[in-house]
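Trainee: Residues 176 to 364, numbered by the numbering used here, are exactly what the sequence shown covers, in order. Backbone N, C-alpha and C fix where the C-beta goes; we use that ideal spot for every residue, glycine too.
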Amino acid sequence: MKLIVGLGNPGNEYTYKRHNIGFLAISKLVDKFNLAKPKNAFNALIWETTINNEKVLFCQPQTFMNLSGFAVYQIKQFYKLTLEDIIVIYDDKDIPFNVIKLKKNGSSAGHNGIKDLIQKLGSENFLRIRLGIGKDVQIPTRNWVLGKFSPSQLELINNDLLEIVYQIMVQYLEKATSFDKLMSLYNGK
176 MKLIVGLGNP GNEYTYKRHN IGFLAISKLV DKFNLAKPKN AFNALIWETT INNEKVLFCQ
236 PQTFMNLSGF AVYQIKQFYK LTLEDIIVIY DDKDIPFNVI KLKKNGSSAG HNGIKDLIQK
296 LGSENFLRIR LGIGKDVQIP TRNWVLGKFS PSQLELINND LLEIVYQIMV QYLEKATSFD
356 KLMSLYNGK
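#1: Going by DSSP in three states, D267 sits in which element: helix, strand or coil?
#2: Taking the DSSP output, what are the residues bridged to F233?
#3: Could you tell me the boundaries of the beta strand (DSSP E) in which I304 lies?
#4: For F208, collect the residues of the same chain with a Cβ closer than 7 Å to its Cβ; drop the 5 residues on either side in sequence, then sort them by chain order.
#5: Would a C-beta distance cut-off of 7 Å place I196 and D266 closer than the cut-off?
#6: Counting beta carbon pairs with one atom in the region 214 to 222 and one in the region 268 to 281, are three or more of them shorter than 8 Å?
#7: Could you tell me the boundaries of the alpha helix (DSSP H) in which N215 lies?
#8: Per the contact definition of three or more C-beta pairs closer than 8 Å, is the region 325 to 336 in contact with the region 281 to 290?
#9: Could you check which residue in Q346, E349, V312 and G181 has the C-alpha nearest to that of W222?
#10: From G285, I304 and I250, pick the residue whose C-alpha is nearest to that of L360; which is it?
#11: In whole angstroms, give me the CA-to-CA distance for V312 and M358.
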């Protein structure tokens, strides 16, 4: 079983904000894999499917970004998942806009959602897809990540970045490509 988590904040007012790119990624994946409506369980919206004879859960925690670990921990415990079964998709201000970096483990690098995940899961050793939102040194970090994407940025994200996330998931879930191989193929794209 695999758990694919997109980090973000619940509520329409957050939909197109930089911090919600993880939610946008899950929405894109759910659409591309033609999944039905989610169930609301474990403080999260969860879409369930089977890909390549393996159950896959796509998840948007509904606990707000800084408490994301609570929902993920509950799902992990209920389904008896290992950390290697979990992929977290989230925004990264230290990566240029529209660039993807895959990572196997590491610190939170100041990302409060990841910090909470590490604390609740008791480990840094989970798979990550970091989506670059860039940064503006003139704008405080909180204001930057809670700022909205421009319409042209949203178009790029939807037509480029999230399509690459989908390609990564197809290779990982349908073709059983290893995460190490995916890192070598996609880092920096």
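Mentor: Concretely, from the data shown:
#1: Start at 1 with the first residue of the sequence shown, and residue 267 comes out as number 92. In the structure shown, D267 sits in a strand (DSSP, three-state: E or B).
#2: Looking up residue 233 in the sequence shown gives position 58. Per DSSP, I179 and W222.
#3: In the sequence shown, counting from the first residue as 1, residue 304 sits at position 129. Where I304 is concerned, the enclosing beta strand (DSSP E) stretches over L302 to G307.
#4: As a position in the sequence shown, residue 208 is number 33, starting the count at 1. These residues qualify, in order along the chain: T224.
#5: Stepping through the sequence shown from its first residue, residue 196 is reached at position 21. Stepping through the sequence shown from its first residue, residue 266 is reached at position 91. Their beta carbons are under 7 Å apart, which means I196 touches D266 by this criterion.
#6: no
#7: If you number the sequence shown from 1, residue 215 lands on position 40. Element bounds for N215: not the alpha helix (DSSP H) but the beta strand (DSSP E), K214 to A216.
#8: no
#9: Mapped onto the sequence shown, residue 222 falls at position 47. Out of Q346, E349, V312 and G181, G181 has the C-alpha closest to the C-alpha of W222.
#10: Here residue 360 corresponds to residue number 185 of the sequence shown, with the count starting at 1. Nearest C-alpha to L360: I304.
#11: Residue 312 sits at position 137 when you count from the first residue of the sequence shown. Residue 358 sits at position 183 when you count from the first residue of the sequence shown. Cα to Cα, the separation comes out at about 28 Å.
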